[in-house]
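Protein chains: 2
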Amino acid sequence: MLDEKERENHMCKRVLITVVMLVVLCVITVAGTLAEKSEPISLPESLDTQRVTQVAVVVRDVEKVAKAWADLFGVEVPKSSLTDPPEKAHTTYLGKPTKGRAKLVFFKLENLQLELIEPVGGPSTWREFLETNGEGVHHIAFAVKGTDKYVAMLEKKGMPLVQRGEWTAYTGGCYTYFDSVQKLGVALELLENY
Amino acid sequence: MLDEKERENHMCKRVLITVVMLVVLCVITVAGTLAEKSEPISLPESLDTQRVTQVAVVVRDVEKVAKAWADLFGVEVPKSSLTDPPEKAHTTYLGKPTKGRAKLVFFKLENLQLELIEPVGGPSTWREFLETNGEGVHHIAFAVKGTDKYVAMLEKKGMPLVQRGEWTAYTGGCYTYFDSVQKLGVALELLENY
Chain A
4 MLDEKERENH MCKRVLITVV MLVVLCVITV AGTLAEKSEP ISLPESLDTQ
54 RVTQVAVVVR DVEKVAKAWA DLFGVEVPKS SLTDPPEKAH TTYLGKPTKG
104 RAKLVFFKLE NLQLELIEPV GGPSTWREFL ETNGEGVHHI AFAVKGTDKY
154 VAMLEKKGMP LVQRGEWTAY TGGCYTYFDS VQKLGVALEL LENY
Chain B
4 MLDEKERENH MCKRVLITVV MLVVLCVITV AGTLAEKSEP ISLPESLDTQ
54 RVTQVAVVVR DVEKVAKAWA DLFGVEVPKS SLTDPPEKAH TTYLGKPTKG
104 RAKLVFFKLE NLQLELIEPV GGPSTWREFL ETNGEGVHHI AFAVKGTDKY
154 VAMLEKKGMP LVQRGEWTAY TGGCYTYFDS VQKLGVALEL LENY
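Which chain is which? The protein sequence lines are A and B, in order. Quick note: the first sequence uses the working numbering, first residue 4, plus one each step. Quick note: the second sequence uses the working numbering, first residue 4, plus one each step.
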């Protein structure tokens, strides 16, 4: 009798412990879900950099304009390069894959990079800028780590993503452009080196 | 007799020295004039800086746009200021005095100044830009010493002066804007602190 009672007791305790553990697990899960719902992603409130890494000018003939800048600075004309093809760059423009590419020339100035961009190929924010505004400064760029959280932050601030793409040169990286002209007077670009 | 001969000799030497000195002086003057004629002003061949000190955005409502930038950077909204009145700024636009002024907000970023410009008053390169292009980057600026020689250099390179003016704040200084969009894709500004 005693043995059976002890066994029952033991069984009871085990069941109790399991139930308590399950309840605790449930509470943790529910609390976690609620916390996640109230702070969907931990969004940054602002950019964590105030360093303009790039000023970029969209032009019709990148070789010609590069020559004029080189003459202004008294330096050699830097070689132009082409953005990666769509299958490597995974470029999207207004949410859809695009064959838009660009011929680029970079001047490494003292405190930032001057980028000259000649749109080639399919639709892109560069081509759209050139067709709407003519030649001019297309964007200013900031370097970030964790592009996605800044995409979410900027969309929340009313500056939606317009174009994104990747590059394979050096360590590789990705760029994102935002429709921020109405808010800031100029398009923003975020650059992330992987 | 000897004394007189010596005196004559002495006189002769003096005259000779004077003549030689005059000839040397003439040669120096003529050489100087010729040199000046072959190099009318000693024009620089290029800018002697590759540091972009300012990126400037022309906007319709400087207070509103300043608020958006301050929010982006997580900083206080800087106070706006007004360019000096024409009688102090001696502003000229396309070669003629103008009453054009601007309401300015400056963000002192890590590596350059971000300037927001709202055109007010009479005609100006800022107003013309806003009317033609809408909001956008109006110019990028470089700091120089000896504005006039760079004005001559840029005009020689096909980038004529568009607007100039002065400011009295701090140590005072002058700015010059150039029509360089066709050559460089963007307007240049030269800034000189006195």
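Even glycine gets a Cβ: it sits at the ideal position worked out from N, Cα and C.
**OP:** Could you round the C-beta distance between A/Ala-92 and A/Trp-170 to whole angstroms and report it? I think they count as a contact, below 8 Å.
**Re:** Reading the first sequence from its first residue, position 89 is the one you call residue 92 of chain A. Reading the first sequence from its first residue, position 167 is the one you call residue 170 of chain A. Between A/Trp-170 and A/Ala-92 the Cβ distance is about 7 Å, and since that is below 8 Å, they are a contact.
Original post:
What residues in its chain sit with their C-beta under 8 Å from that of B/Asn-196, if we drop five residues either side in the sequence?
Top reply: As a position in the second sequence, residue 196 of chain B is number 193, starting the count at 1. When the five nearest sequence neighbours on each side are left out, the beta carbons in the same chain lying within less than 8 Å of the beta carbon of B/Asn-196 are those of Ala-146, Tyr-173, Thr-174, Gly-175, Gly-176, in order along the chain.
Original post:
Among B/Pro-88, B/Ala-69, B/Thr-86, which has the Cα closest to the Cα of B/Val-80?
Top reply: In the second sequence, residue 80 of chain B corresponds to position 77, counting from 1. The residue with the shortest Cα to Cα distance from B/Val-80 is B/Ala-69.
Subject >> C-beta contact flag for B/Gly-188 and A/Val-62 at 8 Å >> reply: Indexing the second sequence from 1 puts residue 188 of chain B at position 185. Indexing the first sequence from 1 puts residue 62 of chain A at position 59. With respect to the 8 Å criterion, B/Gly-188 and A/Val-62 are classified as neighbours on the basis of their beta carbons.
Original post:
Are the C-beta atoms of B/Ile-200 and some chain A residue less than 8 Å apart?
Top reply: Residue 200 of chain B lies beyond the stretch modelled for chain B, which goes from 4 to 197, so this question has no answer here.
Subject >> chain A within 8 Å of B/Ser-49, Cβ atoms only >> reply: Walking along the second sequence from the start, residue 49 of chain B turns up at place 46. It does; some Cβ of chain A falls within 8 Å.
**OP:** Take A/Pro-163 and list the residues in its own chain whose beta-carbon comes closer than 8 Å to its own, dropping the five residues that flank it on each side.
**Re:** Looking up residue 163 of chain A in the first sequence gives position 160. Leaving aside the five residues that flank A/Pro-163 on each side, the residues in its chain whose CB is nearer than 8 Å to its CB run, in chain order, Leu-157, Phe-181, Asp-182.
Subject >> Chain-ordered residues of the stretch 113-125 of chain B with a beta carbon less than 8 Å from chain A >> reply: Shown in chain order are the members of the stretch 113-125 of chain B whose Cβ falls below 8 Å from a Cβ of chain A: Glu-113, Asn-114, Leu-115, Leu-117, Leu-119.
Subject >> Residues in the stretch 157-180 of chain B having any Cβ partner in chain A nearer than 9 Å >> reply: Correct list: Leu-157, Lys-160, Gly-161, Met-162.
**OP:** Could you give the DSSP three-state label for B/Asn-114: helix, strand or coil?
**Re:** As a position in the second sequence, residue 114 of chain B is number 111, starting the count at 1. Residue state, collapsed to three classes: coil.
Subject >> Supposed contact pair A/Gln-116 and A/Thr-52 - C-beta distance, whole angstroms, cut 8 Å >> reply: As a first step, residue 52 of chain A is located in the first sequence; it is residue number 49 there, counting from the start. As a first step, residue 116 of chain A is located in the first sequence; it is residue number 113 there, counting from the start. That pair is no contact at about 15 Å.
Original post:
Where does B/Pro-122 land, buried or exposed, given buried means 16+ other C-beta within 10 angstroms?
Top reply: Position 119 of the second sequence, counted from the first residue, corresponds to residue 122 of chain B. It counts as buried.
Original post:
A/Val-65 and A/Val-140: beta carbons closer than 8 Å?
Top reply: Counting from 1 along the first sequence, the entry for residue 65 of chain A is found at position 62. Counting from 1 along the first sequence, the entry for residue 140 of chain A is found at position 137. With contacts defined by Cβ atoms closer than 8 Å, A/Val-65 and A/Val-140 do not form a contacting pair.
Subject >> Contact belief for A/Ala-155 with A/Glu-192 at Cβ below 8 Å, rounded distance in angstroms >> reply: Position 152 of the first sequence holds residue 155 of chain A. Position 189 of the first sequence holds residue 192 of chain A. The Cβ separation is near 17 Å, so there is no contact.
Subject >> Spatially closest choice to A/Lys-160 from A/Met-24, A/Pro-88, A/Val-184, A/Ser-83, by CA coordinates >> reply: As a working note, residue 160 of chain A is residue 157 in the first sequence. Ranking A/Met-24, A/Pro-88, A/Val-184, A/Ser-83 by Cα distance to A/Lys-160 puts A/Val-184 first.
Original post:
By the criterion of Cβ-Cβ separation under 7 Å, what are the contact partners of B/Gln-57 in chain A?
Top reply: Here residue 57 of chain B corresponds to residue number 54 of the second sequence, with the count starting at 1. Here the premise fails: no neighbours, minimum Cβ distance about 10 Å.
Subject >> Chain-ordered residues of the stretch 77-98 of chain B with a beta carbon less than 9 Å from chain A >> reply: The residues in question are Gly-77, Val-78.
Subject >> Same chain, Cβ closer than 8 Å to A/Met-85, five either side skipped, listed in chain order >> reply: Indexing the first sequence from 1 puts residue 85 of chain A at position 82. The sequence shown places Leu at residue 85 of chain A, rather than the Met named in the question. Counting only Cβ-Cβ distances below 8 Å, and skipping sequence neighbours, we find Arg-104, Ala-105, Lys-106, Leu-107, Val-123.
Original post:
Residues in its own chain within less than 8 Å of A/Val-26 by CB, not counting five upstream and five downstream?
Top reply: Locating residue 26 of chain A in the first sequence gives position 23, counting from the first residue. Here the set comprises nothing.
Original post:
Where in the stretch 165-195 of chain A do unbroken runs of the beta strand (DSSP E), each at least 3 residues long, occur, reported from the N-terminal end onward?
Top reply: Fully contained in the stretch 165-195 of chain A are the following beta strand (DSSP E) runs of length 3 or more, in chain order: 176-181.
Subject >> Closer than 9 Å at the beta carbon, the chain B residues around A/Asn-136 >> reply: Taking the first sequence and counting its residues from 1, one reaches residue 136 of chain A at position 133. Neighbours of A/Asn-136 on chain B, chain order: Asn-136, Gly-137, Gly-139.
Subject >> A/Val-26 at chain B interface by Cβ criterion, 8 Å >> reply: Counting from 1 along the first sequence, the entry for residue 26 of chain A is found at position 23. No, its Cβ sits nowhere closer than 8 Å to a Cβ of chain B.
**OP:** Please check if any C-beta of chain A sits within less than 8 Å of the C-beta of B/Ala-155.
**Re:** On the second sequence, position 152 is the one that residue 155 of chain B refers to. Answer no: the Cβ-Cβ gap between B/Ala-155 and chain A never drops below 8 Å.
Original post:
In chain A, which residues lie less than 8 Å from B/Asp-74 when you measure between Cβ atoms?
Top reply: Indexing the second sequence from 1 puts residue 74 of chain B at position 71. Going along chain A in sequence order, the residues near B/Asp-74 (Cβ under 8 Å) are Ser-49, Lys-160.
**OP:** Measure how close the beta-carbons of A/Pro-47 and A/Tyr-153 come, nearest whole angstrom, since I'm counting them as under 8 Å.
**Re:** Along the first sequence, read from residue 1 onward, the residue named residue 47 of chain A stands at position 44. Along the first sequence, read from residue 1 onward, the residue named residue 153 of chain A stands at position 150. Yes, they are in contact, since the Cβ atoms of A/Pro-47 and A/Tyr-153 sit about 7 Å apart, within 8 Å.
Original post:
Would you say A/Arg-104 reaches chain B, if we count a Cβ-Cβ gap shorter than 8 Å as a contact?
Top reply: Residue 104 of chain A sits at position 101 when you count from the first residue of the first sequence. No, no contact with chain B.
**OP:** Report the neighbours of B/Val-62 on chain A: residues whose CB is nearer than 9 Å to its CB, in chain order.
**Re:** As a position in the second sequence, residue 62 of chain B is number 59, starting the count at 1. Within 9 Å Cβ-Cβ: Leu-187, Gly-188.
Subject >> Minimum length 4: unbroken alpha helix (DSSP H) runs contained in the stretch 70-101 of chain A >> reply: DSSP runs (the alpha helix (DSSP H)) wholly in the stretch 70-101 of chain A: 89-92.
Original post:
For A/Met-4, which residues of its own chain have a beta-carbon under 8 Å away from its beta-carbon, when the five flanking residues on both sides are left out?
Top reply: Counted from its first residue, the first sequence places residue 4 of chain A at position 1. Confidence at A/Met-4 is low in this model, with a pLDDT of 49, below 50, so the placement of that residue should be treated as unreliable; the coordinate-derived value is given next. If we look at A/Met-4 and ignore the five residues flanking it on each side, it has no Cβ neighbours.
Original post:
Where do the ends of the beta strand (DSSP E) carrying A/Val-60 lie?
Top reply: Translated into the one-based positions of the first sequence, residue 60 of chain A becomes position 57. Taken as a continuous stretch (DSSP letters only), the beta strand (DSSP E) holding A/Val-60 covers 57-61.
**OP:** Mind listing the chain B neighbours of A/Ala-71? Cutoff is C-beta to C-beta under 7 Å, in chain order.
**Re:** Position 68 of the first sequence, counted from the first residue, corresponds to residue 71 of chain A. Chain B residues near A/Ala-71: Lys-186, Leu-187.
**OP:** Could you tell me the distance, in whole angstroms, from the CA atom of A/Ala-71 to the CA atom of B/Lys-186?
**Re:** Locating residue 71 of chain A in the first sequence gives position 68, counting from the first residue. Locating residue 186 of chain B in the second sequence gives position 183, counting from the first residue. The straight-line gap separating the alpha-carbon atoms of A/Ala-71 and B/Lys-186 is approximately 6 Å.
Original post:
I think A/Leu-75 touches B/Leu-50, with their Cβ atoms under 8 Å apart; what is that distance to the nearest whole Å?
Top reply: Along the first sequence, read from residue 1 onward, the residue named residue 75 of chain A stands at position 72. Along the second sequence, read from residue 1 onward, the residue named residue 50 of chain B stands at position 47. Between A/Leu-75 and B/Leu-50, the beta carbon gap of about 6 Å places them in contact (Cβ cut-off 8 Å).
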